[in-house]
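There are 4 protein chains.
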Amino acid sequence: MDKISADSDVLFYYNSTKKWLVKITPKGQFHTHLGVIMHDDTIGKKYGSRLLTNKEKYVYLLKPTIHDHVMKLQHSTQIVYPKDLGYIAARSGLCGGQTVVEIGTGSGALTIFAASIVMPAGHVHTFDVDEEFMKTAKKNIDRAGVSDYVTLKKLDIKSSKRIPVTGADLAIIDLGDPWTVLPNVRKMLNDGGALFAVCPTMNQLETLTTELIQNEFTDIESTEHILRPINAREGKTRHAFRAIGHTAYLCYARKAHFGRARPKTVEPDAKKTL
Amino acid sequence: MDKISADSDVLFYYNSTKKWLVKITPKGQFHTHLGVIMHDDTIGKKYGSRLLTNKEKYVYLLKPTIHDHVMKLQHSTQIVYPKDLGYIAARSGLCGGQTVVEIGTGSGALTIFAASIVMPAGHVHTFDVDEEFMKTAKKNIDRAGVSDYVTLKKLDIKSSKRIPVTGADLAIIDLGDPWTVLPNVRKMLNDGGALFAVCPTMNQLETLTTELIQNEFTDIESTEHILRPINAREGKTRHAFRAIGHTAYLCYARKAHFGRARPKTVEPDAKKTL
Amino acid sequence: MDKISADSDVLFYYNSTKKWLVKITPKGQFHTHLGVIMHDDTIGKKYGSRLLTNKEKYVYLLKPTIHDHVMKLQHSTQIVYPKDLGYIAARSGLCGGQTVVEIGTGSGALTIFAASIVMPAGHVHTFDVDEEFMKTAKKNIDRAGVSDYVTLKKLDIKSSKRIPVTGADLAIIDLGDPWTVLPNVRKMLNDGGALFAVCPTMNQLETLTTELIQNEFTDIESTEHILRPINAREGKTRHAFRAIGHTAYLCYARKAHFGRARPKTVEPDAKKTL
Amino acid sequence: MDKISADSDVLFYYNSTKKWLVKITPKGQFHTHLGVIMHDDTIGKKYGSRLLTNKEKYVYLLKPTIHDHVMKLQHSTQIVYPKDLGYIAARSGLCGGQTVVEIGTGSGALTIFAASIVMPAGHVHTFDVDEEFMKTAKKNIDRAGVSDYVTLKKLDIKSSKRIPVTGADLAIIDLGDPWTVLPNVRKMLNDGGALFAVCPTMNQLETLTTELIQNEFTDIESTEHILRPINAREGKTRHAFRAIGHTAYLCYARKAHFGRARPKTVEPDAKKTL
């Protein structure tokens, strides 16, 4: 079960910047400047083995994880990074069996990641309006092996009068104007359900936060996540020279249930109450 | 099902620094400087509702997530933060159905988080040697509702001749000297299985990295994660003044299967091959 | 010349969070929870010496630097930090002999720092409208020993028809609405002169940048500076747990001289031209 | 006086990543992919003016600051960045009239920066052992216009029995093994004088800190500085995608004068005394 066969996905790994997700096909060849690998040479090998290219470079044959799928499939849209994906899951308490709605499927990266956590008992319902994106996303979701746990639909949640899913534990919003879907997202979430929006700009955080308060959300939190790679080597450990300066800001909130009273316009200030 | 009853766990939420995880008991009272809440007043309320204390402060009654459990239960040991937890899951591709081994249970925070993702088909096997910690961890795991997916055992993996679990997809190590368990962790992991170590110091990263290479791991990566809270408010958006400077460094690697040839002593340098 | 005398300023240094700037007076006493130091015991001692308190704690007697003055005097206003002060000097190329104008004296911290660099041939002209601040600032500037190189005036630069200084090499703006003074600041700067604004919020950066382009500035740059303290100790080196999350954003620009043609509305995009 | 003439240094500025420090020569030409600029067209222009290239691109003619010199001259050695330079000055309280010793001249960047602050009454004494570096540094120092305030000597401070300078206010060390020069640096510093070492690795910080304590320094502080560029644009303000991950760590300390008693082996712990 842990052996590579024709039709397997394999991560050819040379180093952290030279790695490729490859579908093995009989007689297939893989060409890079590191040399050539004949697909047939990988068949029957255990995952974790290494092969020598014709240029005498070792390449490891790793079993692709959800992370490898998520990182390799993102071409047509803004990338969502593991540091951000992981925080979305950990902060919202995403777990096996939950129901997730996603507004803005994009490349399907967030979809796949969320599905991999809630499966097999949970489900991700993802919505987009761009058919090109959806075609790509479908292919990506299939390849990652999570299509049983994902329903992908074309629907403009912003203006939809129909609420296609209710009782969701988490809503993930990846739109340029995430505040426009808040009224409908409220209806999709269960009581206390969580929301995460992926926001490239500070202005989006600001508008979204204002609208979240108006739409009766609480526990509102905006964060930014900086991943710093470290080169740990004997006697010369230091941070890496290369780094990514910015990916996206994240905004989290939970649906509150106020009853008849109207919410206050701002949350009590954490600093002042300390 | 979404209503609060006697015996429910409820997150009393006032603001980001004033929140408490409370077990509801008939006739129970909750006292803070924000005023008093009678437990009986919460019973029958929907999650997400709010209550007024006798000091006229609104407190929300939120359904605790795995995140709330993880953040509230960590008293006796070093805290593991959502930013780090999330990256561990996202980078290793942790998903529903997987098998996890954890060396060093601590307060059970990582245990609970991992169990919440792999459940119901997967399982977490966690090992510690400190009976006091284990008692606390057991209580925490029970309260978080994931005890069916966790096996907690007293065992010193470092010196154990018996390998209690094999075929693990992920090994999480939270020890001061994580390199000492590498030979046995290799035996627990399946081919290509992943490892994450939580390291408070740079020196640990350095020693661990050297030993990972010696123990035939690949795709080795050390990272640091900085979470920056943002105060998003109309016309005055800025990062928060308060922040945490350091939690832990993370070291990730995957088990390789070299066969008879010995591994090289360092990974090919990403920078040089660019 | 390096000995402590009555009337000397001395930094009593215990550790990085326990240090005090003290003016020595005959028969004076200094009380902390570390014990008591009699001022007379310090007189005649060399700077860099240490004294034992009556509680057997060593306290070093350090000669205060401009840094010590700047850090200890800031009570009434927002603090400006060495990391930000230093970048202002280094990025603008501030050097001995230059003329600086400062709009918003505040506590005088930036004033003192700038004066310490341009002195003795250069000068800092600083303007404020709040007489309380100015009184405090004057005291601080005197104590730091740079009053010969500073002229402190009450003047509202925003609405002033008189331009009190011309030919400045650097304008430092520490106001809530820095864009309001740009037309007059242009007249104070020499051709190519630099400007730095200290901005607590992202919104200020945004408005200021738009107005800088309208007011014919170029080389516009907004930055944020994160200082991370490191605990370097044998075998357990790591970042410090405590840190400051945010101080201020900085905006830099240089005055351009366009002649009759109007400026473009945005700077050419660095990313696109790469 | 602010007009460009033959022999002037001019910063040709297009945007933040396209800028060049050019020495104007009669009949000279400047070629880039932005087009051609005839040097003669710049002569007589005011600094801050702009010129149109033959490809219709505007280029500003800025008067180079010390910052521009420092950033453009660093070719042969590790770059020192404004964020780090500035902190060295601000934290040590470097000011007009002070004496600086520099061990390791490198490209002269730190030399020029320090000289620009202490001038005209102060002086920088800089020492290196590599004649190639020294030749380049001399050229750079001359071009930046600070050679009157710099003495550049070939001397191995580590093993020198002669102490060439005493009474220094600041010692800047840019060596791979900064701890080796501590005994001699102590002799060069005045009482309470400051030291800054530029350290690419964590291991250097660790060894240096241990040796600083042994060599009777106090107020020891290791820091790391992250500069985050911000793209401030109307309605879409965010951090820049591109960033530098690591430059160098900085270690600061002040010379203490213990007299006969031996120093303790570690500084009192700031955290514990809080």
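Residue numbers (the numbering used here), protein chains in the order written: chain A, 4 to 277; chain B, 4 to 277; chain C, 4 to 277; chain D, 4 to 277. Yeah, the Cβ is synthetic: ideal placement off N, Cα and C, and Gly gets one too. Values in this document were obtained by computation on a predicted structure and should not be read as measured data.
Should residue i be labelled buried (16 or more other beta-carbon atoms within 10 Å of its own) or exposed?
i: C:GLN285; result: What is shown of chain C runs 4 to 277, which leaves residue 285 of chain C out entirely.
i: C:VAL168; result: buried
i: B:PHE244; result: exposed
i: C:ARG165; result: exposed
i: A:LYS258; result: buried
i: C:THR268; result: Low local confidence applies: a pLDDT of 45 at C:THR268 is under 50, so the model's placement there is unreliable, and no value is given.
i: B:LEU55; result: exposed
i: B:ASN187; result: buried
i: D:ASP180; result: exposed
i: D:SER163; result: exposed
State yes or no: is the C-beta of residue i within less than 8 Å of the C-beta of residue j?
i: A:VAL83; j: A:ALA118; result: no
i: B:LEU185; j: B:TYR252; result: no
i: C:TYR17; j: C:VAL73; result: no
i: B:GLY170; j: B:THR102; result: yes
i: A:ILE69; j: B:ILE120; result: no
i: B:LEU155; j: B:LYS142; result: no
i: D:ALA246; j: D:ARG236; result: no
i: C:GLY125; j: B:ASN206; result: no
i: C:LYS157; j: C:GLU134; result: yes
i: D:ALA92; j: C:GLY89; result: yes
i: A:LEU37; j: A:LYS22; result: no
i: B:ASN218; j: B:ARG241; result: no
i: C:THR323; j: C:ILE223; result: The structure shown has nothing for residue 323 of chain C, since chain C only spans 4 to 277.
i: A:VAL127; j: A:ALA174; result: no
i: D:PRO67; j: D:LEU14; result: yes
i: B:ASP43; j: A:ASP194; result: no
i: B:LYS48; j: B:LEU24; result: no
What did DSSP end up calling residue i once you bin it into helix, strand or coil?
i: D:SER225; result: strand
i: B:ASN57; result: coil
i: D:ARG265; result: In this prediction, D:ARG265 scores a pLDDT of 49, lower than 50, which makes its location untrustworthy; the coordinate-derived value is nonetheless stated afterwards. D:ARG265: coil per DSSP, three-state reduction.
i: D:LEU247; result: For the record, residue 247 of chain D in the displayed sequence is Ile; it is not Leu. Residue state, collapsed to three classes: strand.
i: A:THR240; result: coil
i: D:TYR16; result: strand
i: A:ALA147; result: coil
i: B:TYR255; result: strand
i: C:LYS49; result: strand
i: B:ASP159; result: coil
i: D:ASP43; result: helix
i: A:LYS30; result: coil
At a cut-off of 7 Å, is residue i close to the ligand ZN when judged by its beta-carbon and the heavy atoms of the ligand?
i: C:ASP145; result: Annotation note on the ligand ZN: not contained in the displayed structure, which lists no ligands.
- Message: Tell me which residues of the segment 244 to 258 of chain B have at least one Cβ-Cβ distance to chain C shorter than 9 Å, keeping chain order.
- Response: PHE244, ARG245, ALA246, ILE247, GLY248, HIS249, THR250, ALA251, TYR252
- What residue ranges within the segment 63 to 124 of chain D form continuous alpha helix (DSSP H) runs of no fewer than 4 residues, ordered along the chain? 69 to 75, 85 to 95, 112 to 121
- Item | Residue ranges of each beta strand (DSSP E) within the segment 163 to 187 of chain C, 3 or longer | 171 to 176
- Taking a Cβ distance cut-off of 9 Å, strictly less, list which residues of the segment 74 to 99 of chain B are near chain A, in chain order. TYR84, PRO85, LYS86, ASP87, LEU88, GLY89, TYR90, ILE91, ALA92, ALA93, ARG94, SER95, GLY96, LEU97, CYS98, GLY99
- Listed in chain order, which residues of the segment 185 to 210 of chain D have Cβ atoms closer than 7 Å to some Cβ of chain B? MET205
- Message: Counting only Cβ-Cβ distances shorter than 9 Å, please list the residues of the segment 135 to 148 of chain B near chain A, keeping chain order.
- Response: none
- Message: Going residue by residue through the segment 191 to 220 of chain C, where are the continuous beta strand (DSSP E) segments of at least 3 residues, counting only ones entirely within it?
- Response: 192 to 202
- Using a beta-carbon distance cut-off of less than 9 Å, what residues from the segment 101 to 132 of chain C approach chain D? PHE116, ALA118, SER119, ILE120, VAL121, MET122, PRO123, ALA124, GLY125
- Using a Cβ-Cβ cut-off of less than 9 Å, list which residues of the segment 220 to 238 of chain B approach chain A; keep chain order. THR221, ASP222, ILE223, GLU224, SER225, THR226, GLU227, HIS228, ILE229, LEU230, ARG231, PRO232, ILE233, ASN234, ALA235, ARG236, GLU237, GLY238
- Query: In chain order, what residues of the segment 34 to 55 of chain B put their CB closer than 7 Å to some CB of chain A?
  - Reply: LYS49, TYR50, GLY51, SER52, ARG53
- Could you run through the segment 14 to 27 of chain C and flag, in chain order, every residue whose CB is less than 7 Å away from some CB of chain D? TYR16, TYR17, ASN18, SER19, THR20, LYS21
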